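Numbering (the numbering used here), first residue to last: 672 to 1635.
The following block contains the structure:
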């Protein structure tokens, strides 16, 4: 049995921005958001020419320090690249293709699509001279995947995981003299890491952290508690790092601040010395009287303020959010929070949403957790990877229990290192009640290898955090393999085995259902249509041996030894469109669709997972052509009895069995379907479904009336079609066009249709085209002769830059002038497009011709490097265009200098089309994000034959997070 002693975790979010009401940290630590002002372009997994020449130099970045070349070089010209802000998921922006991955939602990335599977990001920033001597780190919360990072051409490292956060100390690589510092990140999403949609790119936040040399290490605090009566005794551990080469003395003061910003306890650890470039733990116990407990109903959070002092001065301040609570698993009675029995009513969830993919704004994380809580979900399994920190923050604030799941099982240094990174990062979150070391590892879960690996991983995890239970999700071989070696057994699908037999064999082992359900439902569809890939939303078994949602919950509710269950899944997600294939592109498993619109099962769960009175009828009542035919009418309710009426005629009054539902067969007739719920013989609830007219108007319904002007806040806007009587039309499927004005922007649209191949985002198209077929010959002067014309025959010319003769100094070419000819290919249509040449000088003085016309004459290299030339549309043509450079050649300073041989890039910028989306069964969704300006955001929705809707959302002035 898992130990019964009270556990209390309480946990960290890492170095966080200051809480409201608390003084800002001193200059010793700055934690700056680094999300804005990045450049992006597609590279290539195997063709260096299409990968911006990275890794082709005589010395690679792995051979010599500072030798990042191509797009990794600090002086690379990225002006033609797209500008964007993070988080960014480029996969969601790609079209769909039948040749793409079934499990990843048929988005056109991966091995068959090399031109869209590698992405490059670059950002420039400056660091003041006053920062010299501080330790500065570059912190990534998550990049999918296989990311390589350079700063100022210096290779920092490679992170293969798409889910782990990672940091690099860049202090010694930086310029402190006003010159820009350049971050370059190459991301290769060619290889899938999971079997579900994973996105692509820098899809989580990036930070720049500045500290004193002696400071709290990254994720360097750990808070646990023991509870005696109303007093909590905190054990606060702080790991300090010495970034200087000499020994340093330091002391640590810990302050506990309550949710109102008031200090409730302080303690000082004994002073100590850190070895040069060393680390040391400082631990102190802190009693907190009358402690507020963190619970599902009242998720109370404290803040531990850790101050590091040297010579009486505070040199670092680090903040850790945590909660005081106890957790306990019992093999016969389930799970207890703060000594109170809690039946786990959970869901599994991946990390993507309609419109934005995996690049979810923080506010959307909060919204999604709130949607889950609304139907009684109290627990969240992060299937099947460590989540973004902001997801855990939302669970802490809103009161949601969490299984935090490791990506891949194994015992190598890499495997255990990843497990340790997850636990150290997340162990201060009070929401987390269990670490999961893996999921459905079919090759090992039922054999001795799995048992060995599971035991090793569990033992290792407990060296990092001994306050939580370890679980693993097992889909077969129960009673063998991994299932024998773990604290809490995780059953994936009760149809796979016998939980009662397992409990009898292992009577002292707690257990729960880590996955259950996998039912198929399309929101708003009530007759299965395999041709259209629609699954009826009545709760049915997905296969003969699996259970419906109702059947699964009845099973778990009847067995006290089972701590509860996690339904597969809370939200639909891209990929795994079982039981269908192309052109279905999302799953059918969710209790809610990809937008978070509820399917009918939500009301079944709300009826039996909450104390609220629930009465919900399905289906809708628009069935033209089915008059007189029987329609299955279901009621989800926790009333004692429900009576159904059609057009005021009773269809029968039936008793409700606990954890069940009611059914009637009703011959269809247009009109009003009404259910009346009774408790103790008294009428307490009604639900009405009416036949509607055709759609006549658009409604725009935001989840909140105002946004904070922080550039990050978000409004989730429901688009609903209504008839002339203002009734929602549940069958309306019509394309809506959206426009927005004011200090906001649309960042994504969706409708929850699992077969919709419409774009999630409508963006301007930016193409960076290379200058190709470069040839040259020496010239007598800055000629404007026939060799500058479009049709000049240069067949006898040699390749540019490769055969120049050098003078005796080996620094300068013998020729005084060169004519370099090349070409670029433009698309068939340039309607509305802007074409720009971003030039990089190949001479000390140069003149440039496009299609025979001079666009710049006698420019110096200093003038040319700053120039972007917008090309006259009348000068251009579809297909091949000529470009000619007449220049005095560049001269080396040293024989080993490498001179520029890339004259530039052509950028074609095509404006974004209007945002639009079809409604699906009456609904669509628009995500609107604030900028940093205050004012009115106006969203307008139009469609032929429908009344236009105009929504105004206030953008209220607010301080953004510290950023660079």
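Note that CB positions come from ideal geometry on N, CA and C, so glycine has one too. Quantities reported herein were computed from a predicted structural model and do not represent experimental measurements.
Which of helix, strand or coil DSSP assigns to residue i
{"i": "residue 1530", "result": "strand"}
{"i": "residue 1253", "result": "coil"}
{"i": "residue 1061", "result": "helix"}
{"i": "residue 786", "result": "helix"}
{"i": "residue 965", "result": "strand"}
{"i": "residue 998", "result": "strand"}
{"i": "residue 1173", "result": "helix"}
{"i": "residue 1381", "result": "coil"}
{"i": "residue 822", "result": "strand"}
{"i": "residue 761", "result": "coil"}
{"i": "residue 1038", "result": "helix"}
{"i": "residue 802", "result": "helix"}
{"i": "residue 1632", "result": "coil"}
{"i": "residue 770", "result": "coil"}
{"i": "residue 693", "result": "Confidence in residue 693 is poor, its pLDDT being 34 and thus under 50, which makes the residue's placement unreliable; the coordinate value appears in the next sentence. Coil."}
{"i": "residue 720", "result": "helix"}
{"i": "residue 1182", "result": "strand"}
{"i": "residue 1212", "result": "coil"}
{"i": "residue 754", "result": "strand"}
{"i": "residue 908", "result": "strand"}
Buried or exposed by the 16-neighbour rule on C-beta atoms within 10 Å, applied to residue i
{"i": "residue 1085", "result": "exposed"}
{"i": "residue 1205", "result": "buried"}
{"i": "residue 1277", "result": "buried"}
{"i": "residue 1636", "result": "Residue 1636 is absent from the structure shown; the chain starts at 672 and stops at 1635."}
{"i": "residue 615", "result": "The requested residue 615 does not occur in the structure, where the chain is confined to residues 672 to 1635."}
{"i": "residue 1464", "result": "exposed"}
{"i": "residue 843", "result": "exposed"}
{"i": "residue 1328", "result": "exposed"}
{"i": "residue 1012", "result": "exposed"}
{"i": "residue 859", "result": "buried"}
{"i": "residue 1447", "result": "buried"}
{"i": "residue 783", "result": "exposed"}
{"i": "residue 1292", "result": "buried"}
{"i": "residue 1309", "result": "buried"}
{"i": "residue 1467", "result": "exposed"}
{"i": "residue 781", "result": "buried"}
{"i": "residue 1268", "result": "buried"}
Cβ-Cβ distance between residue i and residue j below 7 Å
{"i": "residue 1411", "j": "residue 1612", "result": "no"}
{"i": "residue 1124", "j": "residue 1386", "result": "no"}
{"i": "residue 1110", "j": "residue 1021", "result": "no"}
{"i": "residue 841", "j": "residue 822", "result": "yes"}
{"i": "residue 1442", "j": "residue 1509", "result": "no"}
{"i": "residue 1175", "j": "residue 1159", "result": "no"}
{"i": "residue 1008", "j": "residue 877", "result": "no"}
{"i": "residue 985", "j": "residue 928", "result": "no"}
{"i": "residue 1403", "j": "residue 1593", "result": "yes"}
{"i": "residue 1337", "j": "residue 1317", "result": "yes"}
{"i": "residue 703", "j": "residue 879", "result": "yes"}
{"i": "residue 1180", "j": "residue 1050", "result": "no"}
Residue i at chain C interface by Cβ criterion, 7 Å
{"i": "residue 1221", "result": "Judged by its chain identifiers, the structure shown contains no chain C, having just a single protein chain."}
- [ ] Kindly provide the ranges of any alpha helix (DSSP H) runs that are 4 or more residues long and lie completely inside the region 1580-1613, ordered along the chain.
- [x] For the region 1580-1613, not a single whole alpha helix (DSSP H) run of length 4 or above is found.
Open item on the list: Ignoring anything shorter than 3 residues, give me the beta strand (DSSP E) runs that lie fully in the region 1215-1278, in order along the chain.
Closed with: As far as the region 1215-1278 is concerned, its whole beta strand (DSSP E) runs of at least 3 residues are 1233-1239.
TODO: Return the chain-ordered ranges of every beta strand (DSSP E) run that is complete within the region 1533-1583 and spans a minimum of 3 residues.
DONE: Segments of the beta strand (DSSP E) lying fully in the region 1533-1583: 1539-1542, 1550-1560 and 1575-1581.
- [ ] Count the CB pairs spanning the region 1333-1352 and the region 1569-1583 that are closer than 8 Å, and state whether there are at least three.
- [x] The way I'd put it, the region 1333-1352 doesn't touch the region 1569-1583; fewer than three beta-carbon pairs between them come closer than 8 Å.
Task: Completely contained alpha helix (DSSP H) runs for the region 1067-1152, where each covers 4 or more residues - done: Fully enclosed alpha helix (DSSP H) runs of 4 or longer: 1084-1097 and 1119-1135.
Open item on the list: I want to know whether the region 1246-1255 touches the region 1272-1289 - three or more CB-CB distances under 8 Å.
Closed with: They do not touch, by the three-pair rule.
- [ ] Could you pull out every unbroken beta strand (DSSP E) segment of at least 3 residues lying fully inside the region 1431-1488, listed in chain order?
- [x] Runs found: 1436-1441 and 1443-1450.
Task: alpha helix (DSSP H) runs wholly inside the region 824-897, at least 4 long, in chain order - done: Whole alpha helix (DSSP H) segments, 4+ residues: zero.
Open item on the list: Check whether the region 729-738 and the region 978-996 touch, using three or more Cβ-Cβ pairs below 8 Å as the test.
Closed with: Judged by Cβ distances under 8 Å, the region 729-738 makes no contact with the region 978-996, as fewer than three pairs qualify.
Open item on the list: If we require 3 or more residues per run, which beta strand (DSSP E) segments fall completely within the region 1346-1391?
Closed with: DSSP assignment within the region 1346-1391 yields the following whole beta strand (DSSP E) runs of 3 residues or more, N-terminal first: 1353-1361, 1368-1373 and 1377-1380.
- [ ] Say whether the region 792-801 touches the region 823-842, bearing in mind that this needs 3 or more beta-carbon pairs closer than 8 Å, one atom from each stretch.
- [x] Contact fails: fewer than three Cβ-Cβ distances are below 8 Å.
TODO: Tell me, please, whether the region 844-851 touches the region 1061-1081 by the rule of three or more beta-carbon pairs shorter than 8 Å.
DONE: Between the region 844-851 and the region 1061-1081, the count of C-beta pairs closer than 8 Å stays below three; the two stretches do not touch.
Task: the region 1488-1503 contacting the region 1555-1569, beta-carbon criterion three pairs below 8 Å - done: Yes, they touch.
Open item on the list: Check whether the region 1116-1123 and the region 1147-1167 are in contact - that is, three or more C-beta pairs closer than 8 Å.
Closed with: Enough Cβ pairs lie closer than 8 Å, so yes.
Task: Contact between the region 1418-1433 and the region 1179-1191 (3+ Cβ pairs under 8 Å) - done: Short answer: they don't touch.
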